[in-house]
Amino acid sequence: SVMFWGCFGWHGVGPLVVVKGNIDSDDYINILANNFILWVNNYSNSIFQQNGASCHTSTYSVWW
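See below:
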């Protein structure tokens with residue numbers, strides 16, 4: 001299976017990442033660290049939201 005991870009904001013869309021198979025917390029953190037952080041650092045006053053998937057709400061992901 002193939003999934004996509006993406007983000008968007010007031011200023012436009014961020015990176016779109018193709019994910020093969022399922023992702024766990026480690027994969028999710030890698031996506032955030034290698035894609036989201038680079039994009040969101042260009043903007044101030046950001047609000048981070050997620051949809052409640054288990055990889056988003058794990059103890060490790062919440063800590064990160």
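The working numbering numbers the first residue of the sequence shown as 1 and each following residue consecutively. For each residue, glycine too, the CB sits at the ideal point set by N, CA and C.
* Asked: If you run the structure through DSSP and keep just helix, strand and coil, what is Trp5?
  -> In the structure shown, Trp5 sits in a strand (DSSP, three-state: E or B).
* Asked: Where does the unbroken beta strand (DSSP E) through Leu16 begin, and where does it stop?
  -> For Leu16, the enclosing beta strand (DSSP E) starts and ends at Gly12 to Lys20.
* Asked: Span of the alpha helix (DSSP H) holding Ser61?
  -> Ser61 -> alpha helix (DSSP H) spans Thr59 to Trp63.
* Figure out for me which residue from Met3, Phe4 and Val13 has the closest Cα to the Cα of Trp39. => Taking the Cα of Trp39 as reference, the smallest distance to any Cα among Met3, Phe4 and Val13 is reached at Val13.
* With 16 other Cβ atoms within 10 Å as the buried cut-off, status of Phe36 -> By the Cβ neighbour-count rule, Phe36 is buried, with 16 or more other Cβ atoms within 10 Å of its own.
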